[in-house]
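Heads up, the thing below is written out as structure tokens.
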Amino acid sequence: MAGNALHIRNIGSHLEPGFAVVIEAIDIDRGEVVVLDAASGTGKSTVLGLVSGAIPSDDFPDSVHVVAGQDMSPGAPHPGPQNLGFVLQTNTLVPYLDIRSNISLPLDIAGMRPDPDWFGHLCARLGIRDLMQRKPHQISVGQRQRVSIARAFLGRPALLLLDEPVSALDPANAEIVETLISLLADEAGSGVLLASHQAARGIFASARRTSYELRVFEGVSYSVFGGGDAALDACPAPRKLAGGVM
Amino acid sequence: MARSRLPWSLARRELRHEWQSAVCFVAALVGILAPLLVMLALKNGMIGTMVGRLVEDPSNREILAVGAGRYGADFYDGLAARPDVAFLLPSTRSINAQANAVRNADARQLERAVTLIPSAPGDPLVGAPAVSDGTLWVTATLAEKLGAAPGATLEMIIEREIDGRAERVRRDLSVGGIVPRDLYGRDAVFLSLNDLLAVERFRDDRTITPDTWTDARPAPETYASFRLYAATLSDIGPLLKHLDALGAQARPRAENAELLLNFRQNLNLIYTLLATLAVIGFWAAMAANLRGMVERQRIVFSLLDLLGLPTRDRQLVPVLQGQILVQCGILLTLVIVLPVTFGINLMFADGGPDVIATLGWRDVLATMALGAVTGVTATVWALRAIVSIKPSEVLRRA
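Quick note, the sequences are listed as chains A and B, same order. Heads up: the first sequence begins at 304 in this note's numbering, then just goes up one per residue. Heads up: the second sequence begins at 166 in this note's numbering, then just goes up one per residue.
See the structure below:
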């Protein structure tokens with residue numbers, strides 16, 4: 304099966320009447336970086352939500368949604384931190400937990416014990432080793448983002464979703480953090496799906512892009528990601544969309 | 166960390182983080198609960214003491230026969246078989262239940278017009294040994310006047326008038342014991358029914374002479390009166406109704422016993438109403454507080470969902486927080502209320518064993534259980550809110 308980290312065909316969500324976000328086809332292998340290349344407001348965060356299962360897909364025909372070999376259909380169990388990591392644009396942390404607990408939270412939820420060597424390595428790489436006893440409000444925005452990255456990487460996920468991970472950082476810090484993400488993804492063997500409007504430059508400039516196009520069909524605008532890729536040859540977009548939304 | 170402990174850890178750490186809100190809530194709970202528990206302690210203490218005094222005094226359980234009747238064996242057997250009857254004995258007409266005088270020859274003391282009361286084994290006013298033919302118990306007031314003590318011999322003097330001529334008989338009776346003043350506060354003699362019947366027959370029957378008045382005779386078929394004690398204070402009402410149905414006129418010796426019992430019942434009702442209102446208010450405040458806590462942590466709950474924390478575990482967080490807050494509030498209330506009740510008892514103590522305010526372990530356990538139930542049910546709103554929080558909210562927060 305193509306895409307041992309992520310394999311998707313034809314999932315999507317109607318966000319409001321007259322507008323839907325659709326992923327026609329995305330395949331990502333472990334160690335591979337794919338960039339969602341589209342302008343702001345086109346639904347990149349929604350795509351990541353669909354991939355993670357946080358936004359349930361509407362009923363589309365011939366849907367396939369697999370993360371690290373695990374079916375992600377609505378109602379399926381959470382894939383766990385060893386399969387899926389998520390760095391949020393908002394670097395949201397739990398305000399009443401210290402930094403150490405925030406980083407290990409996904410593994411605590413899964414009932415797994417963190418690998419102490421990997422934990423120490425992550426924190427050292429991200430420069431947050433001395434922040435373990437602090438609360439989120441006691442560290443800077445940039446540090447919070449690094450903590451979010453550590454949290455996502457701690458389970459060595461097969462697939463890492465990054466939603467504008469450096470949008471809140473100054474250019475110098477953004478480049479450093481992007482480099483760290485690339486390095487850690489390589490070390491963890493994670494496939495990466497990155498939503499970023501800054502990826503045209505920097506370390507992810509040469510990464511593979513998913514295609515994007517806006518289609519209008521019977522008065523509904525479809526923000527379509529992954530249409531026209533090689534994988535799409537077996538899944539013609541207009542026919543699928545027509546079958547899915549009508 | 167073990168996953169099973171995670172909701173507990175999250176609940177506890179959030180409360181610690183938001184300690185000011187938690188302290189405010191606990192203070193509000195103490196503000197509601199403390200006056201309520203002090204009221205409960207006062208109700209328990211004062212009413213308990215009053216009812217205790219009533220219960221301890223058997224006179225309050227006495228039902229007095231009004232006027233003279235004709236009560237036969239069926240009447241007495243029927244009453245004696247009832248479980249709400251503690252003591253029953255036939256008696257004579259009240260006019261005959263009086264000695265013209267009782268004299269202690271040794272002390273040269275004499276008291277006129279002394280009440281005669283029939284007694285028998287089981288008499289709640291008379292201890293051991295019970296009265297028997299030829300022995301009697303005297304009340305403490307009479308014993309004092311006559312200078313009589315157990316073992317002494319008293320002379321009972323009975324008079325009658327036949328055709329304008331007075332006849333007087335005397336009988337020596339041995340003192341078996343003294344009836345304490347708090348059980349019977351007036352002058353009286355407790356003697357056997359046979360001895361009292363001898364007095365009645367001497368007064369009523371002119372064929373009986375001073376020489377034969379103490380001779381044994383068959384018991385009468387009917388009696389004019391009775392001595393009756395209910396088993397408990399609450400048995401008085403039903404017994405009076407039963408007597409009324411039998412056509413026997415009677416009244417309770419302590420009219421206020423029933424009033425106090427009714428007062429206790431009414432007080433319980435008022436307290437229950439007040440407590441219910443307070444619990445409803447507390448429930449509403451708690452429900453709103455927990456719902457507010459969920460709303461403040463809406464993004465966190467969304468994040469926890471995104472990271473895979475199951476709905477049941479997320480819902481456990483406010484449930485546990487509710488329990489922590491309620492039980493802390495109850496414990497703090499007890500820390501305040503128990504010394505207050507101790508102080509009240511100290512302040513109003515009259516040297517006796519009675520207490521003004523008291524809280525039993527049942528009251529404490531009931532309060533904690535009620536708090537737990539209130540805490541759990543008050544989280545329903547918060548639980549519904551958690552279900553409505555979607556993991557996508559944290560994605561769209563920006």
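Just so it is clear, CB atoms sit at the ideal spot from N, CA and C, and this is done for glycine as well. Owing to the predicted nature of the structure, the values given are computational and were not obtained by experimental measurement.
Annotated three-state conformation of B/Leu358 is helix, per DSSP. DSSP places A/Asp433 within a helical segment (H, G or I) once states are collapsed to three.
For the pair B/Val502 and B/Val203, the CB atoms are nearer than the 9 Å cut-off. When CB distances to chain A are screened at a threshold of 8 Å, not a single residue of the stretch 396–409 of chain B falls below it.
Chain A places no beta carbon closer than 9 Å to that of B/Leu499, leaving this residue out of the contacts.
Residue contact with chain A for B/Arg463: absent (no Cβ-Cβ distance below 9 Å to any residue of chain A). For A/Phe422, the three-state secondary structure derived from DSSP is helix. No Cβ-Cβ contact shorter than 9 Å links B/Asp239 with B/Ala396. For B/Met458, the number of other beta carbons within 10 angstroms of its own is at least 16, and it is reported as buried.
Chain order gives the chain A residues near B/Ser557 as Gly352, Ala357 and Ile358, where near means a beta carbon separation below 7 Å. Here A/Tyr399 carries a coil assignment [DSSP, helix/strand/coil]. Using a CB distance cut-off of 9 Å, B/Glu179 counts as an interface residue toward chain A. Ranked by Cα distance from A/Gln436, the options A/Asn405, A/Asp420 and A/Ala477 are led by A/Asn405. The stretch 513–520 of chain A and the stretch 362–369 of chain A do not touch, with fewer than three beta-carbon pairs separated by less than 8 Å. Contact with chain A is found for B/Arg561, since one of that chain's Cβ atoms lies less than 9 Å from the residue's Cβ. Among the CB atoms of chain B, one or more fall inside 9 Å of the CB of A/His381. Closest by C-alpha distance to B/Val191, out of B/Ala449, B/Val491 and B/Asp298, is B/Val491. Considering only beta carbons, the part of the stretch 389–411 of chain A lying closer than 7 Å to chain B consists of Phe389, Leu391, Gln392, Thr393, Thr395, Val397, Pro398, Tyr399, Leu400, Leu408, Pro409 and Asp411, in chain order. Counting only runs of 3+ residues, the beta strand (DSSP E) found wholly inside the stretch 364–427 of chain B occupies 390–395 and 415–417, in chain order. Within chain A, not a single residue places a beta-carbon under 9 Å from that of B/Leu511; the smallest gap is close to 44 Å. Among the CB atoms of chain B, none fall inside 9 Å of the CB of A/Thr345. In this structure, the straight-line span from the alpha carbon of A/His310 to that of A/Leu462 is close to 11 Å.
Not flagged as an interface residue toward chain B: A/Thr482, since no C-beta distance is shorter than 9 Å. In this structure B/Leu362 touches B/Thr257 by the C-beta definition: roughly 7 Å separates them, less than 8 Å. At least 9 Å separates the beta-carbon of A/Gln373 from that of A/Asn394. Beta-carbon to beta-carbon, A/Ser407 and A/Asp361 are separated by about 35 Å, too far to satisfy the 8 Å threshold. Each residue's CA atom was taken as its position, placing A/Arg459 and A/Arg449 some 16 Å apart.
Fewer than three pairs of CB atoms, one per stretch, sit closer than 8 Å, so the stretch 203–219 of chain B makes no contact with the stretch 465–485 of chain B. Taking the CA atoms as reference points, B/Ala262 sits about 9 Å from B/Pro283. Cβ-Cβ distances below 6 Å link A/Val390 to Ser451, Ile452, Ala455, Leu465 and Pro468 in the same chain, with the five nearest sequence neighbours on each side left out; the list follows chain order. With its beta carbon less than 9 Å from one in chain A, B/Glu183 belongs to the interface.
Beta-carbon to beta-carbon, B/Leu348 and B/Leu290 are separated by about 5 Å, close enough to satisfy the 8 Å threshold. Check the Cα spacing between B/Thr476 and each of A/Val336, A/Gly378, A/Glu327 and A/Gly346: the tightest is with A/Gly378. When Cβ-Cβ separations below 9 Å define contact, A/Pro384 makes contact with chain B. Within the stretch 472–559 of chain B, the complete alpha helix (DSSP H) segments of 4 residues or longer fall at 476–513, 526–543 and 545–553, listed in chain order.
Below the 8 Å Cβ cutoff, chain A contributes no neighbours of B/Gly487, its closest Cβ being approximately 17 Å away.
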